[in-house]
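There are 2 protein chains.
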Amino acid sequence: MNAKYAVGVDFGTESGRAVLVDVSDGREVATAVYQYQNGVIAETLPLAGKPVRLEPDWALQDPEDYVRTLQVTVREVLGKATVDPLDVVGLGIDFTACTMLPTLADGTPLCLVPEFRSEPHAWVKLWKHHAAQPEADRINAAARERGEPWLPRYGGKISSEWFFAKTHQILDEAPAVYAAAGRLIEAADWVVWQLTGEETRNTCTAGYKAMWSKREGFPPDSFFAALDPRLEHVIDERLSRTPQPIGDRAGLLTARAAAWTGLRPGTPVAVANVDAHVSVPAVGVTTPGTLVAIMGTSICDMVLGTQERSVEGMCGVVEDGILPGLFGYEAGQSGVGDIFAWFVENGVPASYEDASRRQGVDLHTLLESEAAKLRPGETGLLALDWWNGNRSVLVDVDLTGLLIGATLATRPPDIYRALIESTAFGMRVIVDAFERGGVAVNEIVACGGLPDRNRLLMQIYADVTGRRIQVSASSQTPALGSAMFGAVAAGAAAGGYDTIAEAAARMAHLREETYVPDPGRQAIYAGLYEEYVGLHDYFGRGGNDVMKRLKARARDAHLGAAKGRAPAPGL
Amino acid sequence: MNAKYAVGVDFGTESGRAVLVDVSDGREVATAVYQYQNGVIAETLPLAGKPVRLEPDWALQDPEDYVRTLQVTVREVLGKATVDPLDVVGLGIDFTACTMLPTLADGTPLCLVPEFRSEPHAWVKLWKHHAAQPEADRINAAARERGEPWLPRYGGKISSEWFFAKTHQILDEAPAVYAAAGRLIEAADWVVWQLTGEETRNTCTAGYKAMWSKREGFPPDSFFAALDPRLEHVIDERLSRTPQPIGDRAGLLTARAAAWTGLRPGTPVAVANVDAHVSVPAVGVTTPGTLVAIMGTSICDMVLGTQERSVEGMCGVVEDGILPGLFGYEAGQSGVGDIFAWFVENGVPASYEDASRRQGVDLHTLLESEAAKLRPGETGLLALDWWNGNRSVLVDVDLTGLLIGATLATRPPDIYRALIESTAFGMRVIVDAFERGGVAVNEIVACGGLPDRNRLLMQIYADVTGRRIQVSASSQTPALGSAMFGAVAAGAAAGGYDTIAEAAARMAHLREETYVPDPGRQAIYAGLYEEYVGLHDYFGRGGNDVMKRLKARARDAHLGAAKGRAPAPGL
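If you read the protein sequences in the order shown, they are chains A and B.
Note that my numbering gives residue 465 to position 465 of the first sequence, counting from 1, and the numbers run on in steps of one.
Adding 1000 to a residue's 1-based position in the second sequence gives its number in my numbering.
Next comes the structure, spelled out in structure tokens:
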């Protein structure tokens, strides 16, 4: 019998990638990447003629980029691996979220309908579209006022990135788009619809981004009516009350999608998933007790549990949200790799760039090797890792970065190390919150770009959290996870697996190398963590709201300048 | 009648400079600089043979560099100006302080005596010799325990830089040097001794650095005995109980010194002075109400008063310490220009260096011009300017720098501006402390290197303090001041002046340009200053001693590393 394969496609922020995986052992046989033609649309719509400019904080995408990703990458992995499409048992996809779009009732994106082509609200709103904060504020206020029981499941606050904030913004600012939108749908589900010809919704995005729960469903119509009478029936009119659990089969590949991809018509397609969540089984985690950290520009933390618990500042807890039959907890840090990138770009003098060139390494590597020579505490520095706000546990985008302990002897590697340590302390705050809430975190498995490149960082995270950390063997963890769900969509009888746990047991792999906490360093970091928590609580829990006030002043200065009201600059 | 001239010699940290000044109007006719051959001695003594290494925090000088300064620079200004030595009516000098040395009874520096040549304690201890902290701690503890009445005159704490800390260290570590030291003397007074052949002491260094006061004299012998029985008679045996007031004539130039300098034997020589203090009349300030800020790597603040007041955290108040007949108040900021230099050296990426090269300006200038485009508050940043500790009003070397408000959008000019603003807030804390203590500060006159170069900084200081700021017209303010005291040593009958006020009225000049507070910016800075004070008090007055604890941890990590006890680095 021929070997069997599954395909996973991971739709990211700037590109999409496919991976062809051997179902028997998870070996990644071929990968292919498609850089989105229109990438992140933040300035003007990608149209000929008079430019349509976007407001600040907007971030859109072009749904045709998703179709092109399917057309380019799946054919490419099949070709590279010279695999017979008949041996591909299933297909799964994962996406950024909440990334959503308005479509006609038949799934046609509104932005492809000529009359709406130059209307920004007709396009895909990317996860990092941040212009719906007023709507998010209204949703939170209404939920608090009505004592909505779902609010605690989201740490007490929903984000402007989520589904109904974006939906509400469309209604507020472009009622004609809202009226024409037969469906409002996650891009993840839209892609599965394009593959199978059937509209499905998944429990992951429904739960984490659209306030749905398995036991209670969506918030009541009266809640939506309280936001705006026109929203009262949004669920029945434009969504679906019956999302399918993660791990289900969404449908079979249509002839049209088979022609796009080169796969066999009728290939089973999994229910759509989210990049972070699909990574959990992809690193072999299918039971409670292990925190999966997807570490890149930011960090997503995923933990499984058998019960619904209240965890301070979590992003959400969703039954069937990560794996069927379990509660999936999500938390996260809004700035990690991007803080280090900010520092390398803005805070490291030419002498270090020269040295990195001479040594033939990049600046990150040079700084890491210098920072690795330092002992815990030796820098005398401590930072609060809030350059991009704080997601968990404070859930506050108006918090900002802090560095304390600088002297005339402070050098760039000292700061680099302090920034790494601050993000490690940030992770320990999350781990502590989980444990306080009754969700065990006995060890950590990491995946994403950071663990690949930064061994010092991983060791510091182990020393600071006091947890053993293992790292995914795959550098395409989400795509691998999607392929695993593709194999489950096929089922064991068709050469796949019947459960995701079985798939994970065979297809997921960790590296040999394990980061083990060093007791001496752990003790020192315990003391520094106390200092971190002291500053964290003082600046983050109302002891001194100076960060918010400084941010408001900066906003006033900008706005005043734009309106000619602010005092002139210093000279 | 020929024009009359005076010579001022300013002995700095790295070099000495002479200026020849027209007595009638203060015009600087010629200047000359001598770079000390042995500069700051911090590593090994400048001797042939086996190197004599110094401990950390040591900083010595070679007294022969002072004599060479006189030999080189005074001849040079006379030659450049083609002035007849007979037309030079007087000579004054100023010095860093406390810069002190042990000598034989005849004034011979002990380090020039062969048997002590390789003994570090026999050399000049420069002001920034910081190795006498244990002795300073002992002096402070004893003074507090005994309720010494002089302690409040120094803001409640004396510094390790001062005279008796350094004296005590000599006794502790090199009792043979102490025993051989017939005299312990400020280098300022030692130079005047070399010029006049007579030992004199000045009220400025006696008051600010050696706990002397006009009304109470030195601390009692019993205080010194409490420190160490061998110190009981240190004043009578090695110092002098009758320092001469600033503005007096110390003596007349000896034939030997005339031969060194090319001046006429018998030229009147002024009592020695200190660089910061001599600057006050040199910028035309001879009455209360104006703060004179000597602005460079650090800032010295000088204010005159008619009464002795208690001002929080001042460095000292000395009757006749700056001008005869008035109380001279000193305060200061331990890091200003050196913080900006630290940032430019350690925190600005290559792209800015490239731009500064393209524009043909230095990095400071580039950053200033970028920072000048920003409005008050626009950066969203706030800093505590404690990179080098805090001199006034907290008097705490263990405080460290803090930056708050950083985001991924923060750019180097934002930080540069925030650092400038933080030092301006630091100055306002001092101004407020003076005013609270009943010492009026109605306006500010600045001199030193910073006001010359940095117009943005000066405007921010005006906006933050709410005071008009004028700037000295001289770029050699201390040397000019010394020349003025030289003219007063001569007296009006000999072509000089009878009082320093008269000399200042004729010889001191300010630039036309005045920095005037802008009401709009002042209002915004008042709000930011409140935030600064909030952080200042929280971190500086015991709300959270995290800075000290981090510094102690850093010290432990260093020491532990040296002894092989600290945990290994992260990798």
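Ideal Cβ positions, reconstructed from N, Cα and C, are used throughout, including at glycine.
- For a contact meaning CB atoms closer than 7 Å, what does V348 of chain A contact in chain B? P1349
- How would you list, in chain order, the residues of chain B whose beta-carbon sits under 9 Å from the beta-carbon of V546 of chain A? L1382, I1404, G1405, E1531, G1534 and L1535
- When the cut-off is 8 Å and only beta carbons count, does Y1329 of chain B lie next to chain A? At a cut-off of 8 Å, the C-beta of Y1329 of chain B has no neighbouring C-beta in chain A.
- Query: Just how far apart, CA to CA, sit R997 of chain B and R1391 of chain B?
  - Reply: Nothing can be reported for residue 997 of chain B: it is not among the residues displayed for chain B, which extend from 1001 to 1571.
- Backbone CA spacing between D518 of chain A and D463 of chain A [nearest angstrom]: 6 Å
- Taking only beta carbons into account, state which residues of the region 1542-1568 of chain B come closer than 8 Å to chain A, listed in chain order. N1544, V1546, M1547, R1549, L1550, K1551, R1553, A1554, D1556, A1557, H1558, G1560, A1561, A1566, P1567 and A1568
- Task: Report all residues from its chain with a CB closer than 8 Å to the CB of Y1538 of chain B; omit the five preceding and five following residues, and keep chain order.
- Result: N1544
- Query: Any C-beta of chain A sitting closer than 8 Å to the C-beta of D1236 of chain B?
  - Reply: no
- Where the region 271-304 of chain A meets chain B: residues whose CB sits under 7 Å from a CB there: none
- Query: Along chain B, in chain order, which residues have C-beta atoms closer than 9 Å to that of A42 of chain A?
  - Reply: By Cβ distance, chain B contributes nothing, its closest Cβ being about 14 Å from A42 of chain A, past 9 Å.
- For D1057 of chain B, count neighbouring Cβ atoms within 10 angstroms of its own Cβ and tell me buried if that reaches 16, exposed if not. That one is exposed.
- Just the C-alpha distance for G251 of chain A and A483 of chain A, rounded to the nearest angstrom, thanks. 15 Å
- Since G481 of chain A contacts S279 of chain A with CB under 8 Å, what's their CB separation in whole angstroms? 5 Å
- A142 of chain A versus A:D221, A:A6, A:P114 and A:L104, residue with shortest Cα-Cα distance: A:D221
- Message: Using a Cβ-Cβ cutoff of 7 Å, what residues of the region 509-526 of chain A are near chain B? List them in chain order.
- Response: D518, G520, R521 and I524
- Message: Quick check on G156 of chain A - is its C-beta less than 8 Å from some C-beta in chain B?
- Response: Taking 8 Å as the threshold, the shortest C-beta distance from G156 of chain A to chain B does not fall below it.
- Task: Output the distance between the C-alpha atoms of P1243 of chain B and E1531 of chain B, rounded to the nearest integer angstrom.
- Result: 45 Å
- Task: Give a yes or no on whether the minimum CB-CB distance between T379 of chain A and chain B is below 8 Å.
- Result: yes
- Message: Below 9 Å on C-beta distance, what does K1125 of chain B contact in chain A?
- Response: Per Cβ cutoff of 9 Å: no residues; K1125 of chain B is ~21 Å from chain A at best.
- Task: Taking E1135 of chain B as the reference, give the member of B:L1171, B:Q1035 and B:L1151 with the closest Cα.
- Result: B:L1171
- Tell me, please, which residues DSSP counts as bridged to P102 of chain A. A:L184
- Query: How would you label V516 of chain A, buried or exposed, when you count the other beta carbons within 10 angstroms and need 16 or more for buried?
  - Reply: exposed
- Message: Which residue wins for smallest C-alpha separation from A1554 of chain B, given the options A:L374, A:Q307 and A:G542?
- Response: A:L374
- Item | DSSP state of S1472 of chain B mapped onto helix, strand, coil | Secondary structure of S1472 of chain B (DSSP, three-state): strand.
- From B:A1526, B:V1361, B:Q1359 and B:G1107, pick the residue whose C-alpha is nearest to that of S1422 of chain B; which is it? Nearest of B:A1526, B:V1361, B:Q1359 and B:G1107 to S1422 of chain B, Cα basis: B:A1526.
- Query: So with Cβ pairs under 8 Å, would you call G1335 of chain B a contact of chain A?
  - Reply: It does; some Cβ of chain A falls within 8 Å.
- Using DSSP bridges, identify the partner residues of I1093 of chain B. B:V1009
- Query: Which runs of the alpha helix (DSSP H) spanning at least 4 residues fall entirely within the region 1354-1442 of chain B, listed in chain order?
  - Reply: As far as the region 1354-1442 of chain B is concerned, its whole alpha helix (DSSP H) runs of at least 4 residues are 1363-1371 and 1412-1436.
- Query: Any idea if Q459 of chain A is buried or exposed, counting beta-carbon neighbours within 10 angstroms, 16 or more meaning buried?
  - Reply: buried
- Which of the three DSSP states, helix, strand or coil, is assigned to Y497 of chain A? coil
- Given that N442 of chain A touches chain B, what residues does it touch there, using C-beta distances under 7 Å? None at all; the shortest Cβ gap to chain B is about 23 Å.
- Take every Cβ of the region 1087-1098 of chain B, pair it with every Cβ of the region 1211-1228 of chain B, and state whether three or more of those distances are shorter than 8 Å. no
- Going along chain A in order, which residues have a C-beta closer than 9 Å to the C-beta of Y1538 of chain B? Y538, G543 and N544
- Query: Would you report the Cα separation of Q359 of chain A and A1122 of chain B, rounded to the nearest angstrom?
  - Reply: 46 Å
- When the distance is taken between beta carbons, is C315 of chain A closer than 8 Å to Y154 of chain A? Yes, the Cβ-Cβ distance between Y154 of chain A and C315 of chain A is below 8 Å.
- C-alpha gap between E1345 of chain B and P349 of chain A, whole angstroms: Taking the straight line joining both Cα atoms gives about 7 Å.
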